[in-house]
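Chains as they are written, first to last, in the working numbering: chain G, 14 to 201; chain S, 14 to 201. We treat Cβ as the ideally placed atom computed from N, Cα and C, and that holds for glycine. None of the values given here were measured: they were computed from a predicted structure. Structure first, commentary second.
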DNA sequence: GTCTATAGATGGATAGAC
DNA sequence: GTCTATCCATCTATAGAC
C-alpha cells in the first residue's frame, strides 16, 4: 500500500494520491486501506518512517561506494529505480503541503551534508555538491513526466557536473595527478 | 486574481489553491473570479502566460547585471521578492500535476542554459551552473515554510557556490588574476 | 461585472456485514 | 482483515438575480 501511495505521488502528484486511488492501485478497497492506515495522515506518516529507514541505508552505501562517496552521491541523485529515490521523490511532492514532509527532507539534507563534508573536507565544496545534487534531484523529480523519463536532467548534466567537480578536486593541492583529488578521497 | 493564485500556490501548495480560496484572497466571490477565468484551467493558463512575459524580462536583466550574468543568475535563484521568482515557484508547484506547467518550466530552463552558455563559453560549466541554480531554487521553493524564510538554501549556500565557481573560472586559462575569470566575462 | 444559490462529482472517513 | 454502503464536507462549474 505504501508502494502504491509512493507510485501515485511520484507519477501523478499529491492531488491524485487520494485514498480511493491508492486503494485501487494497491488492489484493495478503501475500507481495506483504512484498516491499516486509519487516516490519510497515518498513511503519510508511514511513508516518512520508511524514508528514515532508507536514508540510513543510503548513507552507509555512500561510505563504501567504489567510485567514492561524492560521485556515487551525484550519480544516485537521478536514479529512478531504487526504493530510496522513489520514496524521496514522493516525499518531495508531499512537502508542498505538509510540514512534516518538509522537515523530513530537511533532515535528509542535513545528514547528507555532514557525510559529504566529511568526505571532501571542504565546507564550501560540500554545500555546492549538495546544491548540484538538489538540482539534479528536484529537476528529475519535478520535470519527469509520466511517460517521458528523458525530461529533466539526465546523464548529460550529471557527467558535466562530475567533470567540473573533478577539475576542482584535482586543483586542490593535496591530491596530485588531477584525475582524482579529494573527489575520490576515502573511497579506498 | 493571478497574484492571489500565485500567493496561494507558493505558500500553501496546489491543493490549497482552490477557486474558493483564490476568490477569497483576491477579495471577490467565486462567481466574480469565474467571470474573468471561466475554468480553473484558464486560471492556470493565465499564470503560464505571465511567466513567459517575466522570463523574457529576466533574461534581459541578466545580460546587463553589473556583477556579471552568472553571479546575478545564482543570487537571484533564491530571491523571494520579485514577481518573476514568485511566479516561477508557483508554476513549479503546479508542475506536479500539469503537463503544461512542466513544459513551461522546461522552456525557462532551456532559455537560461542558452544564455549562461553564451556567457561562460563552456557547456559543462553552464550545465553545472544551471544545476546549482536549480538546487538553490527548488530548495528554496520547496523547503521554504510559510513563516520560516530561513529554511532551505540561503546566503550561506549561495556564497559557497559562488566561491567554488570563482575558483574554477580563475583556473580556466583565458582569465589571469584568478579573482574574476570567465565568471564575469561579458559583464562589462 | 459581481453577486448568491445550487447542481453534480469527488474527497476523507465511519458503520457494519462477512 | 477486507468488503460494501453511506455520511458529510468540499471542489468545480452553472444559473440567474442585481
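- A residue is called buried once 16 or more other Cβ atoms fall within 10 Å of its Cβ, and residue 150(G) is buried on that count.
- Interface criterion met: the Cβ of residue 28(S) is under 9 angstroms from a Cβ in chain G.
- For residue 68(S), the uninterrupted alpha helix (DSSP H) run begins and ends at 53 to 76, by DSSP.
- In the structure shown, residue 128(S) falls within a helical segment according to DSSP collapsed to helix, strand and coil.
- In the displayed model, residue 94(G) falls within coil according to three-state DSSP, outside both helix and strand.
- For residue 139(S), the closest C-alpha among the options 115(G), 70(G), 112(G), 169(G) is that of 169(G).
- Under the three-state reduction of DSSP output, residue 123(G) falls in the helix class.
- Closer than 9 angstroms to the CB of residue 52(G) there is not a single CB belonging to chain S.
- Taken in chain order, the members of the stretch 86 to 107 of chain G whose beta-carbon sits within less than 8 angstroms of a beta-carbon on chain S are 105, 106.
- In this structure, DSSP gives residue 133(G) a helical state, which the three-state scheme calls helix.
- Around the Cβ of residue 48(S), a 10 Å sphere holds fewer than 16 other Cβ atoms; the residue is exposed.
- Nearest CB-CB separation between residue 177(S) and chain G: below the 9 angstroms threshold.
- The beta carbons of residue 20(S) and residue 103(S) sit closer together than 9 angstroms.
- Under a 10 Å Cβ-count criterion, residue 176(G) is classified as exposed, with fewer than 16 other Cβ atoms of the shown protein chains found around its own Cβ.
- In this structure, residue 63(G) places its C-beta atom within 9 angstroms of the C-beta atom of residue 100(G).
- With a threshold of 16 other beta carbon atoms within 10 Å, residue 136(G) falls short and is exposed.
- If you ignore the 5 residues before and after residue 16(S), its C-beta comes within less than 8 angstroms of the C-beta of 39, all in its own chain and listed in chain order.
- Against chain S, a Cβ distance below 7 angstroms from residue 141(G) picks out 145, 173, 174, 177.
- Note on residue 26(G): 16 or more other CB atoms within 10 angstroms of its CB, so buried under the neighbour-count rule.
- Taking a beta-carbon distance threshold of 9 angstroms, residue 149(G) counts as an interface residue toward chain S.
- From the listed residues 72(G), 182(G), 145(G), 181(G), the smallest Cα separation to residue 167(G) is found for 145(G).
- Contacts with chain G at 9 angstroms (Cβ-Cβ) include residue 170(S).
- Closest in C-alpha terms to residue 130(G), from the list 41(G), 112(G), 46(G), 75(G), comes 75(G).
- Residues of chain S with a Cβ closer than 7 angstroms to the Cβ of residue 181(G) are, in chain order, 177, 180, 181.
- Residue nearest to residue 179(S) within the set 83(S), 147(S), 109(S), 119(S) is 83(S) (criterion: CA-CA distance).
- Under the 9 angstroms criterion on CB atoms, residue 128(S) is classed as non-interfacial with respect to chain G.
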